[in-house]
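For reference, the structure is listed below as structure tokens.
2 protein chains.
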Amino acid sequence: MIKRIDHIGVVVNDIEEALKVYQQALGLTLAKVQERPDQAVTIAFLPTGESEIELVQPVTNDSGVAKFLQKRGEGIHHICLEVDDIEKTLAELQSKGLQLIDETPRTGPEGERFAFIHPKSAHGVLIELYEYPK
Amino acid sequence: MIKRIDHIGVVVNDIEEALKVYQQALGLTLAKVQERPDQAVTIAFLPTGESEIELVQPVTNDSGVAKFLQKRGEGIHHICLEVDDIEKTLAELQSKGLQLIDETPRTGPEGERFAFIHPKSAHGVLIELYEYPK
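Residue numbers (the numbering used here), protein chains in the order written: chain A, 716 to 849; chain B, 716 to 849.
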């Protein structure tokens with residue numbers, strides 16, 4: 716059902732500053748920096764084994780990510796798990812009484828489908844699920 | 716230098732309750748539950764691809780993990796990255812001015828050596844480094 720950790724999302728104030736730690740000091744490779752206007756963020760992708768660390772910088776003050784940053788400060792925002800069949804997983808979670816942020820998957824720029832589980836239902840962890848196009 | 720995400724540590728109030736979500740609803744496999752009196756915690760290990768999700772329950776009220784739970788509530792506590800050569804990595808981080816919690820590695824029950832980077836130096840993320848015995 717769950718294949719791997721796709722990525723860990725880390726919210727930062729300034730990607731350039733954060734890359735001094737994650738790229739220059741820790742030695743991770745920077746694969747790309749991508750603007751995601753649909754989510755009002757810029758993301759730096761740093762492959763780490765079969766997963767990625769994503770540095771996420773808000774570009775407006777009113778998104779969910781921007782509010783998280785204002786309230787909690789920089790740090791881990793969410794973990795994303797790759798699943799085989801996102802609709803089956805969401806149905807299973809709902810049948811067990813978990814609260815979902817997205818009851819049906821949204822679609823990202825590369826055709827991936829994604830949905831978030833509410834952290835109240837996952838012991839304080841914001842979990843994103845990803846299904847890649849077959 | 717960094718090989719993969721070894722694990723993500725999630726602090727929870729009660730492992731049995733958390734397993735209802737992570738094992739029963741999400742379908743992750745429970746590999747083992749281990750008491751770690753040296754860190755005053757019990758840990759449930761859930762392999763996830765090449766990484767693990769670890770559910771960490773404090774067993775006293777005065778450990779660092781217990782205080783994190785009292786202050787912040789349940790949620791992601793740290794991420795652990797596997798490195799080839801922990802001493803080389805720590806030296807590199809110090810040369811770049813990062814603050815370390817452990818300037819020299821500690822040794823775990825299976826011979827793994829580990830050290831923590833201070834979250835102030837990693838944009839709010841508590842990062843653990845692991846080197847496995849060769």
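Glycine included, every Cβ here is placed at the ideal spot set by N, Cα and C. For clarity, every value in this text was computed on a predicted model and none was experimentally measured.
Could you compute how far the alpha carbon of residue i sits from the alpha carbon of residue j?
i	j	result
residue 829(B)	residue 803(B)	13 Å
residue 795(B)	residue 751(A)	28 Å
residue 765(B)	residue 844(B)	16 Å
residue 680(A)	residue 717(A)	Given that chain A is displayed from residue 716 to residue 849, the structure contains no residue 680(A) and the question cannot be resolved.
residue 807(A)	residue 741(B)	8 Å
residue 840(B)	residue 789(A)	8 Å
residue 730(A)	residue 786(A)	19 Å
residue 719(A)	residue 782(A)	28 Å
residue 770(A)	residue 753(B)	33 Å
residue 810(A)	residue 817(B)	44 Å
residue 726(B)	residue 793(B)	9 Å
residue 728(A)	residue 805(A)	32 Å
residue 812(B)	residue 832(B)	11 Å
residue 734(A)	residue 784(A)	18 Å
residue 814(B)	residue 834(B)	8 Å
residue 739(B)	residue 827(A)	25 Å
residue 747(A)	residue 777(B)	42 Å
residue 838(B)	residue 801(B)	21 Å
residue 743(B)	residue 820(A)	21 Å
residue 749(B)	residue 749(A)	41 Å
Quick check on residue i: does DSSP put it in helix, strand or coil?
i	result
residue 847(A)	coil
residue 695(A)	Any property of residue 695(A) remains undetermined from this structure, which presents chain A solely from 716 to 849.
residue 749(A)	strand
residue 738(B)	helix
residue 797(B)	strand
residue 837(A)	coil
residue 815(B)	strand
residue 761(A)	strand
Taking C-alpha atoms, which residue in the options lies nearest to residue i?
i	options	result
residue 824(A)	848(A), 769(A), 741(A)	848(A)
residue 780(B)	798(B), 758(B), 800(B)	758(B)
residue 755(B)	775(B), 739(B), 745(B)	775(B)
residue 836(A)	808(B), 737(B), 805(B), 744(B)	737(B)
residue 732(A)	772(A), 753(A), 806(A), 818(A)	772(A)
residue 791(A)	807(B), 782(B), 820(B), 842(B)	842(B)
residue 761(B)	793(B), 724(B), 753(B)	724(B)
residue 822(A)	743(A), 793(A), 846(A), 721(A)	846(A)
residue 763(B)	831(B), 745(B), 793(B), 728(B)	745(B)
residue 767(B)	814(B), 777(B), 721(B)	721(B)
Mind checking who residue i pairs with in its DSSP beta bridge?
i	result
residue 822(B)	828(B)
residue 787(B)	Its beta-bridge partners do not exist; DSSP assigns none.
residue 781(B)	None; residue 781(B) has no bridge partner.
residue 726(B)	771(B), 790(B)
residue 766(A)	763(A)
The stretch 804 to 817 of chain B: which residues have C-beta closer than 9 Å to a C-beta of chain A, in chain order? 804, 807, 808, 810, 811, 812, 813
Using a Cβ-Cβ cut-off of less than 7 Å, give me the residues of the stretch 765 to 780 of chain B that come near chain A, in sequence order. 765, 766
At a Cβ cut of 9 Å, what residues of the stretch 831 to 843 of chain A count as close to chain B, listed as they run along the chain? 832, 834, 836, 837, 838, 839, 840, 841, 842
Output needed in chain order: residues of the stretch 740 to 754 of chain B with a Cβ under 9 Å from some Cβ in chain A. 740, 741, 742, 743
At a CB distance below 7 Å, what residues from the stretch 718 to 737 of chain A approach chain B? Give them in sequence order. 718, 719, 720, 723, 725, 727, 733, 736
The stretch 780 to 794 of chain B: which residues have C-beta closer than 7 Å to a C-beta of chain A, in chain order? 788, 789, 790, 791, 794
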